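Working notes, structure below.
Numbering (the working numbering), first residue to last: 85 to 189.
What follows is the structure, encoded as structure tokens:
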């Protein structure tokens, strides 16, 4: 089965099964990783599901929308590889993707 690697704020890594058509946010919260707040529930309105994306499968991600970029602009922790996990739709093409949960603003 395809996996995504999630690194929490304390540096602990966990390999999670990719369940196609769920978002990365749903995958992380379903796994019980509490560092990812996801307060808006995945409607791209709060940026509390901010992650840093690493690895070559990152090229398989859909492009960032203007709304997502605007929300990330409000984060003091934005980096070039920042994404909102609610905007990343899981698929087998993302096998091996690594994400680190960004610090809380």
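For glycine and all other residues, C-beta sits at the position ideal for the given N, C-alpha and C.
Nothing here was measured: the structure is a model prediction, and the numbers come from that model.
Cβ of residue i within 8 Å of Cβ of residue j?
i           : j           : result
residue 153 : residue 107 : no
residue 117 : residue 178 : no
residue 104 : residue 175 : yes
residue 172 : residue 155 : no
residue 135 : residue 181 : no
Which residues share a DSSP beta bridge with residue i?
i           : result
residue 101 : 87
residue 184 : 91 and 136
residue 107 : 173
Assuming residue i and residue j form a contact by the criterion Cβ under 8 Å, report the distance between their Cβ atoms to the nearest whole angstrom.
i           : j           : result
residue 185 : residue 89  : The pair is not a contact, with the Cβ atoms about 12 Å apart (cut-off 8 Å).
residue 72  : residue 123 : Shown here, the chain extends from 85 to 189; a query on residue 72 therefore has no answer.
When burial is assigned at 16 or more other CB atoms within 10 Å of the CB, is residue i buried or exposed?
i           : result
residue 113 : buried
residue 96  : exposed
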